[in-house]
Amino acid sequence: MKGSALPIRTPEGIVFSQTLAGPVVRFFAWLIDGLCVMALMSFVVGLVRGFGLVSPGIANAVLAITGFVLNFGFSIFLEWAWRGQTIGKKLLGLRVVDADGMRLQLEQIVTRNLLRVVDLLPAAYLVGGLSCWLSRKCQRLGDIAANTIVVRIPVVTEPDLDQLLAGKFNSLRQHAHLAARLRQRVTPVEAGIALQALVRRDEFDAVARIELFEQLASHFQTKVSFPQDAVDGVSSEQYIRNVVDVVYRTSASA
Amino acid sequence: MIIDLQRFIRIERPVWTELEAVLNRLEAEPNLKMSLEEVQHFHDLYERATAGLAKLTTFSSEPATRQYLESLVARAYGEVHETREKRRRLQPLKWLRQTLPQTFRRQIRAFHLALAITLVGCAFGTAATLIDPESRHVTMPFGHDRLKPSERVAEEEQRTTDQLTGNRTLFSSRLMTNNTQVSIFTLALGATWGIGTVLILFYNGISLGAIATDYVADGQVRFLLGWLLPHGAIEIPAILVAGQAGFVLARSMIGWGDRTPLGRRLRAVSRDLVTLSVGFALMMVWAAFVEAFLSQYHEPVVPYGAKIAFGTLELVALIFYLGRSGRNER
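Residue numbers (this note's numbering), protein chains in the order written: chain A, 1 to 254; chain B, 1 to 330.
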């Protein structure tokens, strides 16, 4: 696997990226689907068993055909009905999409699932796994032939800035020109790290949290040096809170 | 400069929400047809969202909102820029009358290649059986090497009980699933640049050539035709169609003399691949029924003449269907 994200450039010049799913997580999704097929098959066996007393030949024929249809049809049907997802993929947050970002077509779904018979060779998805590992877009042979990729669906949560920053006096705002300079000098990545540290503060243990905010505070202090009265008695965490407030909110009214 | 995230989100959020609602509707109703105004509005929403994403990517540092917008733009991008025809409701009769035969003819060169490789295999099997009769243990599948053709014919014609009584449906379903699986495998091995497809077709040809030569050399031509033609008239072409699909796939993967990117080449043939796959699967289902319910009965139960006539009729009908059906329709 060469990269974990696949950038796609639109004709409008916008670049968005798809986070590629790795072979291991895809293998687990396939295992979950396999268990679902087995469960369905057991259900059919239970249904047919009663009929088998009357006509064992027809009962066995029904089982043979059901096994075949479930083997190929399970993923095809679900990926079509759920737009690129099966039960395993849904549980693990994966989705099959067109490799060029276009709408996923039924033909692509059928092709990738039919070619699974080659990817499964010689056993346990070895061909598919190797192909996935070596391919730039983490594609098994079926994906290459169908021009599809499997991506991870990000769980998007909006941080609540008001809750994060509310009710705190921001001493940095007392020095408007320095605050403007800070806003100018902080890079998007740095600001993102500071915000994420605040959003996830409760996930760290106490010592790690103190160390993290100390490191961040000393880093941001090198960007702009505020007068002593603005930083006196302000903890490292509060300093970062003030920095985020300055960077993300141009007015203090929020 | 970093934008005021709160203000930016407050202004843009209704646009994103509306775009998300349109996308949900489009995804929930694949047959939805939007009016021109709706399409224009959808396009405006998409443009606004992409502009928002550009702003966020350049000026903001908020990864969660960017991820959300990226996923929205990714979904909308496929809907806006997709040029392939959106699949409407299934029309099985139209598919049978037009789509399958037209696809078969469009990819006829791949079928010719599959046929040629099978014929070369047949010639090899014939030569092997004539030159070295002992090779039948290697070239003939399904235990055909155990008896001489005349011994098998005598055994079959003297049989008074029906071996398949009570199991005919099971036998038919096993044939159906096994043969379809082999055909899918023949198609799928096109992904190995066609090498696997060539090997399967060649080996099938060898078996066919070896068995046919064995029966002809032993003077059992009528039995051979009566036994093979009813189901073979459909089953053998079905394997050839699977090989044809495999070669269509292989040609797109190799891209010989074609400078278009791999993804575009594969996208161009994906519909043909699925059409041919459904075609050979249907042919295999028919062939399995005929094999279980007719091919296994020999004289005196069913006259060979009737079986040969039935098989010939099937073959002529198949040639006429694949060669002529839907010829004058777009």
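The beta-carbon is built from N, C-alpha and C at its ideal position, and this holds for glycine as well.
Under 8 angstroms by beta carbon: chain B residues contacting residue i
i, result
"Thr263/A", "Outside the shown range of chain A (1 to 254) lies residue 263/A, about which nothing can therefore be said."
"Glu107/A", "Ser270, Arg271, Leu273, Val274"
"Leu47/A", "Per Cβ cutoff of 8 angstroms: no residues; Leu47/A is ~16 angstroms from chain B at best."
"Gly57/A", "Gly166, Asn167, Arg168, Thr169, Leu170"
Within chain B, partners of residue i - CB distance below 7 angstroms
i, result
"Ile14/A", "Thr50, Leu53, Ala54, Val73"
"Gln18/A", "Ala74"
"Pro154/A", "Gln67, Ser71"
"Asp245/A", "Those within 7 angstroms of Asp245/A in chain B number zero; the least Cβ separation is about 11 angstroms."
"Gly101/A", "Ala74, Tyr77, Gly78"
"Asn60/A", "Leu170"
"Asp98/A", "Gly78"
Pairwise C-alpha distance: residue j and residue i
i, j, result
"Ser60/B", "Ala191/A", "Any reading at Ser60/B is ruled out, since the residue's pLDDT is 49, under 50, leaving its predicted position unreliable."
"Ala210/B", "Leu315/B", "22 angstroms"
"Pro261/B", "Thr192/B", "18 angstroms"
"Pro92/B", "Glu329/B", "16 angstroms"
"Glu211/A", "Gln228/A", "22 angstroms"
"Arg201/A", "Ile32/A", "34 angstroms"
"Arg324/B", "Ala128/B", "37 angstroms"
"Leu318/B", "Ala288/B", "16 angstroms"
"Ser172/B", "Ile195/B", "30 angstroms"
"Gln238/A", "Arg13/B", "30 angstroms"
"Arg9/A", "Gln18/A", "11 angstroms"
"Phe226/A", "Trp133/A", "50 angstroms"
"Trp256/B", "Leu20/A", "29 angstroms"
"Gly73/A", "Arg146/B", "38 angstroms"
"Ala217/B", "Phe310/B", "24 angstroms"
"Arg112/A", "Thr187/A", "42 angstroms"
"Arg152/A", "Ser71/B", "11 angstroms"
"Pro122/A", "Val182/B", "16 angstroms"
"Gly326/B", "Leu276/B", "16 angstroms"
"Ala238/B", "Ala306/B", "23 angstroms"
"Leu90/B", "Ala208/A", "60 angstroms"
"Leu400/B", "Thr17/B", "The displayed coordinates of chain B run from 1 to 330. Any statement about residue 400/B would go beyond what the structure contains."
"Gly263/B", "Ile144/A", "8 angstroms"
"Phe43/A", "Leu78/A", "18 angstroms"
"Arg181/A", "Ile9/B", "24 angstroms"
"Asp258/B", "Phe280/B", "28 angstroms"
Under 8 angstroms by beta carbon: chain A residues contacting residue i
i, result
"Met253/B", "Ile144, Ala145"
"Ile195/B", "What Ile195/B touches in chain A: nothing, since even the nearest Cβ is about 11 angstroms away."
"Glu27/B", "Arg83"
"Phe185/B", "Val117, Val118"
Nearest-angstrom Cβ-Cβ length linking residue i and residue j, presumed shorter than 8 angstroms
i, j, result
"Phe293/B", "Arg168/B", "6 angstroms"
"Ile117/B", "Leu201/B", "5 angstroms"
"Val244/A", "Leu172/A", "Actually they do not touch by this definition, with Cβ atoms about 10 angstroms apart."
"Val198/B", "Gln107/B", "At roughly 17 angstroms, the Cβ-Cβ gap does not stay under 8 angstroms, so Val198/B and Gln107/B are not in contact."
"Leu53/B", "Phe16/A", "7 angstroms"
"Gly190/B", "Gly121/B", "With 8 angstroms as the limit, Gly190/B and Gly121/B do not qualify as a contact, their Cβ atoms being about 17 angstroms apart."
"Ala64/A", "Thr180/B", "Contact doesn't hold; Cβ gap of about 11 angstroms is too wide."
"Leu224/B", "Ala242/B", "At roughly 24 angstroms, the Cβ-Cβ gap does not stay under 8 angstroms, so Leu224/B and Ala242/B are not in contact."
"Leu35/A", "Ile149/A", "No, Leu35/A and Ile149/A are not in contact; Cβ-Cβ is about 24 angstroms, not under 8 angstroms."
"Gly125/B", "Leu240/B", "The Cβ separation is near 16 angstroms, so there is no contact."
"Gly101/A", "Ala74/B", "6 angstroms"
Chain-ordered chain A contacts of residue i [CB-CB under 9 angstroms]
i, result
"Ser277/B", "Val110, Thr111, Leu114"
"Leu249/B", "Thr111, Leu115, Ala145"
Residue i: contacting residues in chain A (beta-carbon distance under 7 angstroms)
i, result
"Ala188/B", "Leu114, Leu115, Val117, Val118"
"Gly263/B", "Ala99, Asp100, Asn147"
Chain-ordered chain B contacts of residue i [CB-CB under 9 angstroms]
i, result
"Leu141/A", "Ala188, Ala191, Thr192"
Interface residues of chain D facing residue i [CB-CB closer than 7 angstroms]
i, result
"Arg259/B", "No chain D appears in this structure, whose protein chains are A and B."
Quiz item: Is the stretch 221-241 of chain B close to the stretch 100-117 of chain A, with three or more CB pairs under 8 angstroms?
Solution: no
Practice problem: Kindly confirm or deny that the stretch 225-244 of chain A and the stretch 30-48 of chain B touch, where touching means at least three C-beta pairs closer than 8 angstroms. | Solution: no
Quiz item: So does the stretch 294-309 of chain B actually touch the stretch 146-157 of chain B, counting three or more Cβ pairs closer than 8 angstroms?
Solution: yes
Practice problem: Please name the residues in the stretch 165-179 of chain B whose beta-carbon is closer than 8 angstroms to at least one beta-carbon of chain A, in chain order. | Solution: Gly166, Asn167, Arg168, Thr169, Leu170, Ser172, Ser173, Arg174, Met176, Thr177
Quiz item: When the Cβ atoms of the stretch 131-141 of chain A are set against those of the stretch 111-121 of chain A, are three or more pairs found closer than 8 angstroms?
Solution: yes
Quiz item: Pairing CB atoms from the stretch 40-53 of chain A with CB atoms from the stretch 90-100 of chain A, are three or more of them under 8 angstroms?
Solution: no
Quiz item: Is the stretch 22-30 of chain A touching the stretch 71-90 of chain A, taking contact as three or more C-beta pairs under 8 angstroms?
Solution: yes
Practice problem: Flag this pair as touching only if the stretch 233-246 of chain B and the stretch 268-287 of chain B have three or more C-beta atom pairs under 8 angstroms; answer yes or no. | Solution: yes
Practice problem: Give, in chain order, every residue of the stretch 114-139 of chain B whose Cβ lies closer than 8 angstroms to some Cβ of chain A. | Solution: none
Quiz prompt | Short-range partners of chain B found in the stretch 63-91 of chain A, where Cβ spacing is below 8 angstroms | solution = Ala64, Ile65, Gly67, Phe68, Phe72, Arg83
Quiz item: Any residues in the stretch 314-325 of chain B with a beta carbon nearer than 7 angstroms to a beta carbon of chain A? Which ones, in chain order?
Solution: none
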